Amino acid sequence: MYEKILVPQAVNFPVPVVPEAVLMPDPRWLVGAKKEASQYLEGIAAPLREAGMRVRTLLDERPPADAILHISEREEVDLIVMSTHGRGGLSRMLMGSVAESVFRATSRTVMLVKPERPAVVAHPDGELYLHIP
């Protein structure tokens, strides 16, 4: 069983660039986006903590794949668990796949799961299991 769970969230703010101008996002929007991302992470972490797991959340402003790779190396994680968006075809070709980028770039074990919400299950023997539908 894993000692602790780290739940990172990449908060990427792409800034559109046009030939003669750079558009800067409103700092108030950035603060709001970070707050929303933190609340999202806490919503994921709360049931894991309630099940007795040690959970730490992190926000990172790098592009998602870069953030996951950086954090997994820095924190020396044993396992990267990612949900996929289930994109395929043209949208995947145009937008890329964060999961695929991470999978190809890391030397760590990666587990990809369907987008459905996993559930933490406490077994009668005291072990905690992550049930993935």
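Quick note: the sequence shown uses our numbering, first residue 5, plus one each step.
The beta carbon of each residue, even a glycine, is placed where N, CA and C say it ideally should be.
Given the structure is predicted, the values throughout are model-derived calculations rather than measurements.
query, result
"Buried/exposed call for Ala50, threshold 16 Cβ in 10 Å", "exposed"
"Residues near Leu116 by beta carbon distance below 7 Å, same chain, minus five either side", "Met86, Thr88, Ala103"
"Where Ser87 sits in the DSSP three-state scheme", "strand"
"Expected contact under 8 Å - CB spacing of Ile4 and Asp64 to nearest Å", "Residue 4 lies beyond the stretch modelled for the chain, which goes from 5 to 137, so this question has no answer here."
"Distance, Ile72 Cα to Ala36 Cα", "Ala is not the amino acid found at residue 36; the sequence shown has Gly there. Gly36 and Ile72: Cα-Cα distance of roughly 22 Å."
"Three-state class that DSSP yields for Val114 in the structure shown", "strand"
"Buried or exposed (CB count within 10 angstroms, at least 16 for buried), Pro68", "buried"
"Rounded C-alpha distance that separates Val84 from Trp33", "Here the sequence assigns Ile to residue 84, which means Val is not the residue at that position. About 30 Å."
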